[in-house]
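Chemist:
2 protein chains.
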Amino acid sequence: MTKEQLTTAFKALGDPTRLAIFQCLRDCCPTAAFEDDGRIRPADGPTVGEVCCQITGAEKITSTVSAHLKELRLAGLITMEKRGKFVVCALNPTTVAELAAFLGEKTNACC
Amino acid sequence: MTKEQLTTAFKALGDPTRLAIFQCLRDCCPTAAFEDDGRIRPADGPTVGEVCCQITGAEKITSTVSAHLKELRLAGLITMEKRGKFVVCALNPTTVAELAAFLGEKTNACC
DNA sequence: CGATTATTTCGTCAATTCGCGAAATACAAA
DNA sequence: TTTGTATTTCGCGAATTGACGAAATAATCG
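Chains as they are written, first to last, in the working numbering: chain A, 1129 to 1239; chain B, 1129 to 1239.
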């Protein structure tokens, strides 16, 4: 991970709305595996609309949350995939693990 | 750690200069344990001036780096202590570990 | 096809941030 | 006390950010 990728990722997490999204995706399961019409939705995460509802209480996704999701995606922290009319998202565990590893790297032994 | 503390800490790391300072403090030892006059300097970290030199190449600490150090301190990521004419600093391993732990928390089992 | 639903992009505005230099503060040495 | 050194605070301007609503895009439904 380059220094620039690290700063981008940390900056993405350094906003209350985006951190809430991050926690939502980390802690929450997709709220349903089936649509109203019975079709199954790939269970890799909630739709962006569902995430927005959890975060802001809004019924539909807002442009603000959409922008935050985009930033998290560009930072490599989440994945987003189109599923018909919906966009589902999920954490990118690889990047998260790399951030944790960066923080966990040992301090130089002589200190 | 509250949500606000988490965002503050991540935001503090989300700037290239501050991340460089963080890496410097994590990876570097104090460059010397003795002053010119022979007095020992507490070996808990380099002076802020030494950190600034490593980061920017400047001979004396700049107001920019001073402000970044303050933000890292307010975020709980580093400690700063006055030692006579100097201010020495060091990582706060507790906060760093808490951030790493937050990122490392397991995804909900059902996902 | 048109209508509806889910989402993103765009434009704007207020607020924040970053870097800089000058001035202020703190401490030590002479 | 005066001088010098290390550092912080202040004030400013340029650039970025976050929130919001309106418009655009994309896919499904009828």
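Cβ atoms here follow ideal geometry from the backbone N, Cα and C, with glycine treated the same way.
The model shown is predicted, which means the values in this text are computed figures rather than measured ones.
How is the alpha helix (DSSP H) around residue 1134 of chain B delimited, first residue to last?
Modeler: Looking at the DSSP string, the run of the alpha helix (DSSP H) that includes residue 1134 of chain B is 1131-1141.
Chemist: So for residue 1156 of chain B, helix, strand or coil by DSSP?
Modeler: If DSSP states are grouped into helix, strand and coil, residue 1156 of chain B belongs with coil.
Chemist: Is the CB of residue 1195 of chain B under 8 angstroms away from at least one CB in chain A?
Modeler: No - not a single Cβ of chain A is within 8 angstroms of the one on residue 1195 of chain B.
Chemist: Have a look at the DSSP bridge pairing and note the partners of residue 1217 of chain B.
Modeler: B:1208, per the DSSP bridge assignment.
Chemist: Say whether the segment 1135-1146 of chain B touches the segment 1207-1214 of chain A, bearing in mind that this needs 3 or more beta-carbon pairs closer than 8 angstroms, one atom from each stretch.
Modeler: No, they do not touch.
Chemist: Buried or exposed, going by whether 16 or more other CB atoms sit within 10 Å of the CB of residue 1123 of chain B?
Modeler: With chain B represented from 1129 up to 1239, any question about residue 1123 of chain B goes unanswered, as that position is not in the structure.
Chemist: Starting from the C-beta of residue 1226 of chain B, find all residues in its chain whose C-beta is less than 6 angstroms away, skip the five residues before and the five after it, and write them out in chain order.
Modeler: Closer than 6 angstroms at the Cβ level, and outside the excluded window around residue 1226 of chain B, lie 1129.
Chemist: Going along the segment 1129-1141 of chain B in order, which residues come within less than 9 angstroms of chain A, judged by CB to CB distance?
Modeler: Here the close residues are 1131, 1132, 1134, 1135, 1136, 1137, 1138, 1139, 1140 and 1141.
Chemist: At a Cβ cut of 7 angstroms, what residues of the segment 1173-1204 of chain A count as close to chain B, listed as they run along the chain?
Modeler: Flagged: no residues at all.
Chemist: Which residue marks the beginning of the alpha helix (DSSP H) containing residue 1189 of chain B, and which one marks its end?
Modeler: Segment: none, residue 1189 of chain B is in no alpha helix (DSSP H) and carries neither H nor E.
Chemist: Pick helix, strand or coil for residue 1163 of chain A, following the three-state DSSP scheme.
Modeler: Here the model assigns residue 1163 of chain A a pLDDT of 49, short of 50, so the residue's position is not dependable, and the following value carries that caveat. It is coil, neither helix nor strand.
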